[in-house]
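Residue numbers (this note's numbering): 65 to 315.
C-beta atoms are modelled at their ideal positions from N, C-alpha and C, and glycine is treated no differently.
All of these numbers come straight from a predicted model, not from anything done at the bench.
Below is one structure, written out as structure tokens; the observations come after it.
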Amino acid sequence: MRVAVLGAGVVGVTTAYELARDGHEVTVIDRLSEAASETSFANAGLIAPGHAYTWSSPKAPRILLRSLIDDSQALRFRPSLDPRLWSWSLKFLKNCTAERTRTNTKRKVRLCMYSQDRLGEIVADTGVDYHGLDGGLLYLYRKPESFARGAANTRILAEEGLELRAIDPDEAARIDPALEPVKAKFAGAVYCPSDGSGDARVFTRNLARHCAEKLGVTFLFDTVVQGFETQGDRIAAVKTSKGAVAADEFV
Numbered sequence: 065m066r067v068a069v070l071g072a073g074v075v076g077v078t079t080a081y082e083l084a085r086d087g088h089e090v091t092v093i094d095r096l097s098e099a100a101s102e103t104s105f106a107n108a109g110l111i112a113p114g115h116a117y118t119w120s121s122p123k124a125p126r127i128l129l130r131s132l133i134d135d136s137q138a139l140r141f142r143p144s145l146d147p148r149l150w151s152w153s154l155k156f157l158k159n160c161t162a163e164r165t166r167t168n169t170k171r172k173v174r175l176c177m178y179s180q181d182r183l184g185e186i187v188a189d190t191g192v193d194y195h196g197l198d199g200g201l202l203y204l205y206r207k208p209e210s211f212a213r214g215a216a217n218t219r220i221l222a223e224e225g226l227e228l229r230a231i232d233p234d235e236a237a238r239i240d241p242a243l244e245p246v247k248a249k250f251a252g253a254v255y256c257p258s259d260g261s262g263d264a265r266v267f268t269r270n271l272a273r274h275c276a277e278k279l280g281v282t283f284l285f286d287t288v289v290q291g292f293e294t295q296g297d298r299i300a301a302v303k304t305s306k307g308a309v310a311a312d313e314f315v
């Protein structure tokens, strides 16, 4: 099957990889000159099921309200007249109950663990480098009350099989000696030994190269998507700045 993938970020390139491995003829289209040149260029790079909590929670509405006058909030809301924003906001608020927060967090951590496992399999299969570090992550808490909440919340993730430990500042400093001079400034930490980090741009570009050289994926860079050609109720081709790209399916 011929498949066109729109966008050569980390999602587009990994999609192309999976499709090509399954035997499909894949073309990836991107308006820039190289893979991972926008959102995937420089993100946080954390591979962190240990922080898979949902943004929607019982305290989120208060945080969003405060963000109207205080930009330092972890979540920020900017009202507009767009009806889609208000529709989305109502759905978000419906998921801010304790029950929905727990359910959604458990779903999210399962997805994160699957994603982490799949990343490991892709790296093992292809040998692509992504500047990966897998020594675990420490989540620090400045105040005793926030540390207590963070430690309690780990039970939700632990129920899905994730290993986490609530530890004191001394143990945190033993894990990461760079914390020794400042350990008196935080109340405790949650340690997830299976968490890690990497460079999304390095991973995406190396995987794109592997896809092109080993799996026969075609990359059309400097190519702007301008619309679609349809036949009945189906998309037949993508209109681009360099002509139409026909395919059987589109991602």
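Which of the three DSSP states is assigned to residue i in this structure?
i	result
isoleucine 127	helix
glutamine 137	coil
cysteine 160	coil
tyrosine 117	coil
alanine 72	coil
valine 90	strand
arginine 142	coil
alanine 308	strand
phenylalanine 211	helix
glycine 260	strand
valine 289	strand
leucine 96	coil
phenylalanine 267	helix
leucine 226	coil
proline 181	Looking at the sequence provided, one finds aspartate at residue 181 rather than proline. Reduced to three states, the DSSP call for aspartate 181 is helix.
alanine 106	coil
proline 122	coil
aspartate 240	coil
serine 101	coil
valine 192	coil
leucine 154	helix
leucine 132	coil
Report yes if the C-beta of residue i is less than 7 Å from at least one heavy atom of the ligand FMN; otherwise report no.
i	result
aspartate 286	Ligands in the displayed structure: none, and consequently the ligand FMN is not present.
I'd like to know whether the C-beta atoms of residue i and residue j end up nearer to each other than 8 Å.
i	j	result
threonine 287	alanine 100	no
isoleucine 93	valine 309	yes
glutamate 82	arginine 66	no
phenylalanine 285	leucine 96	yes
glycine 73	glutamate 102	yes
alanine 139	tryptophan 119	First, the amino acid is wrong: residue 139 is leucine here, not alanine. Going by C-beta atoms, leucine 139 is nearer than 8 Å to tryptophan 119.
methionine 177	proline 257	no
alanine 251	phenylalanine 211	yes
aspartate 134	leucine 201	no
glutamate 293	lysine 303	yes
arginine 174	glutamate 235	no
tyrosine 203	histidine 274	no
alanine 68	alanine 311	yes
valine 254	glycine 214	yes
arginine 148	glutamine 137	no
threonine 282	threonine 91	yes
phenylalanine 141	leucine 128	yes
Have a look at the DSSP bridge pairing and note the partners of residue i.
i	result
isoleucine 299	Thr294
alanine 253	Leu204, Ile231
arginine 66	Glu89
threonine 282	Thr91
isoleucine 111	Gly260
glutamate 313	Val67
leucine 197	Ser261
Can you list, in chain order, the residues of its chain whose CB lies under 7 Å from that of residue i, leaving out five sequence neighbours each side?
i	result
alanine 124	Leu139, Cys160
glutamate 244	Ala237
Kindly list the residues whose CB is nearer than 6 Å to the CB of residue i, restricted to its own chain and excluding five residues on each side of it in sequence; keep chain order.
i	result
tyrosine 117	Thr169
phenylalanine 156	Ser120
leucine 110	Ser261
Once the 5 residues before and after residue i are set aside, which same chain residues still bring their CB inside 8 Å of it?
i	result
tyrosine 205	Phe211, Gly214, Phe250, Ala251, Gly252, Ala253, Val254
proline 233	Leu243, Lys247, Ala248, Phe250, Ala251, Gly252, Ala253
Using a beta-carbon distance below 8 Å, is residue i in contact with chain C?
i	result
phenylalanine 105	No chain C is present in this structure, which holds just one protein chain.
**Prompt:** Does the region 188-201 come close enough to the region 268-282 to have 3 or more Cβ pairs within less than 8 Å?
**Reply:** yes
**Message:** Assess contact between the region 246-263 and the region 194-202, defined as three or more Cβ pairs (one per stretch) separated by less than 8 Å. Is contact present?
**Reply:** yes
**Prompt:** So, do the region 219-230 and the region 157-173 have three or more beta carbon pairs nearer to each other than 8 Å?
**Reply:** yes
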